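Enquirer:
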Amino acid sequence: MNRMKTRTILLLLGLTVLSGAFLTSCKDSGEDIPILKPLSEHLVGKWRWAESSGIKDGTWQEYIVPDDIYERVFLREDGTAQHIRTFDGGYMAMKSSAWTTDEETVTVTISGVPSPVLRLTADEFGFSMTTGTNPENGTAGEEQHWLFRRIDIGEKHPVENYLGRWVLSKTYEKKDGQWVETAAGKPDEAWHEYREDGFATFHACTGDKDQDSEMYWMVNCTTGDMRWFESTPKEASTANVTIDGDTMTVLYSKSYDPATGQVVEGEFKDVLILDK
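See below:
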């Protein structure tokens, strides 16, 4: 995988998960805005993007996040952060990063991006960012404000159900309208591992031949449509992947037989079990 593209995509995801604007009324009125300290303690928890604002045509304009857009960051005590974000088409993607605070400058740094904290209460976390700055041509950036609201620490998004290592149990092919278990194309050993850093690892072993690959993953949790890709979703492989408890079902239309080296088209189903 192209590691430069990898770092670029992850950085963009982190910036998008943590970006926005708000607090225009407080900014204009000079109202004293509360900031709980120490930041390192009061920022721990799960935060969901609620609204943002920025300057457009010389005036502050606010944006309220629609219900079907889910942007969340989980700031953990150990300095790690888990991000979940909605992409076009309802696809959900995850990313992991680090976060730190500077108590003197009242700044939080997430995914390597420092942001002044504008508001921090028990339920709201607001910060500012400057986007569009280009030091090469001297272009000044635009200030934006973002507001996240705390959600229950136990709240779990459906995309998190995909996390973990899933071991291949059975493979089926549809024949005459019925699913029939088959050994054709089934490796001796195989598993998929989905991680919160946004990557999935795939392993298959047939005889003395091992195959391993690593790709980004994103999934529409409503339809089960899954995308795996190396650099861009436009070049993704797709399948339907659904979760029912500890069982993962993968539906696909092309099966590779390692014994013959041939790709067979049809209707296929893999059943995988969560490795606990």
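According to mature numbering (1 follows the signal peptide of the UniProt record, and there is no 0), the sequence shown holds residues -23 to -1, 1 to 253 in order.
Each residue gets a CB set at the ideal place from its N, CA and C atoms; glycine is no exception.
All values derive from a computational prediction rather than experimental measurement.
Closest to Lys231 by CA distance: which of Ala216, Ile41, Trp205 and Thr224 is it?
Expert: For the residues Ala216, Ile41, Trp205 and Thr224, the minimum Cα distance to Lys231 belongs to Ala216.
Enquirer: On the CB-based measure, 16 or more other CB atoms within 10 Å of its CB, does Pro164 come out buried or exposed?
Expert: Buried.
Enquirer: Does Gln59 pass the burial test, meaning 16 or more other C-beta atoms within 10 Å, or should it be called exposed?
Expert: That one is buried.
Enquirer: State buried or exposed for Gly131, treating a residue as buried only when at least 16 other CB atoms are found within 10 Å of its CB.
Expert: When all chains shown are included, Gly131 counts as exposed.
Enquirer: Would you report the Cα separation of Cys3 and Leu52, rounded to the nearest angstrom?
Expert: For Cys3, the pLDDT reaches just 46, beneath the cut-off of 50, and the residue's location in the model is therefore unreliable, leaving the point undetermined.
Enquirer: Taking only the alpha-carbon atoms, compute the straight-line gap between Ala(-3) and Met192 and give it to the nearest angstrom.
Expert: A caution first: Ala(-3) carries a pLDDT of 35, below 50, which makes its placement in the model too unreliable to give a value.
Enquirer: Could you compute how far the alpha carbon of Gly201 sits from the alpha carbon of Gly35?
Expert: Straight-line Cα distance between these residues: approximately 43 Å.
Enquirer: For the alpha helix (DSSP H) containing Leu16, list its first residue and its last residue.
Expert: Element bounds for Leu16: Leu16 to His19.
Enquirer: How long is the line joining the alpha carbons of Trp168 and Ile10, rounded to whole angstroms?
Expert: The straight-line gap from Cα to Cα measures roughly 51 Å.
Enquirer: Which residues does DSSP pair with Val144 in a beta bridge?
Expert: Looking at the DSSP assignment, Val144 forms a beta bridge with Trp168 and Ile250.
Enquirer: Please state if the CB of Val248 and the CB of Thr226 are separated by a distance shorter than 7 Å.
Expert: Contact: yes.
Enquirer: Can you have a look at Ser92 and say buried or exposed, based on whether 16 or more other CB atoms are within 10 angstroms of its CB?
Expert: Ser92 is buried by the Cβ-count criterion.
Enquirer: Just confirm the distance between the C-beta atoms of Tyr149 and Lys246, as a whole number of angstroms; I'd bet it's less than 8 Å.
Expert: Tyr149 to Lys246, Cβ: 4 Å. Contact.
Enquirer: With distances taken Cα to Cα, identify the nearest neighbour of Leu97 among Arg127, Met106, Val90 and Thr107.
Expert: For the residues Arg127, Met106, Val90 and Thr107, the minimum Cα distance to Leu97 belongs to Arg127.
Enquirer: Could you check what DSSP says for Gly66 in three-state terms: helix, strand or coil?
Expert: DSSP places Gly66 in helix when its eight states are reduced to three.
Enquirer: Skipping 5 residues on each side, what residues in its chain have a beta carbon closer than 8 Å to that of Ala177?
Expert: Once the five neighbours on either side are set aside, the close Cβ partners of Ala177 are His169, Glu170, Tyr171, Glu191, Met192, Tyr193, Trp194 and Trp205.
Enquirer: Which residue from Asp129, Gly103, His134 and Val136 puts its Cα closest to that of Gln121?
Expert: Taking only the C-alpha atoms, the option nearest Gln121 is Gly103.
Enquirer: Is DSSP giving Asn217 helix, strand or coil here?
Expert: Asn217: strand per DSSP, three-state reduction.
Enquirer: Whole-angstrom Cβ separation of Arg62 and Ala70, contact assumed at under 8 Å?
Expert: So it is a contact: roughly 6 Å between Cβ atoms.
Enquirer: Measure the C-alpha to C-alpha separation of Asp100 and Cys182 and round it to an integer number of angstroms.
Expert: Asp100 and Cys182: Cα-Cα distance of roughly 49 Å.
Enquirer: Under 7 Å Cβ to Cβ from Thr57, same chain only, skipping five residues before and after it: list those, please.
Expert: Contacts found: Ser73 and Ala75.
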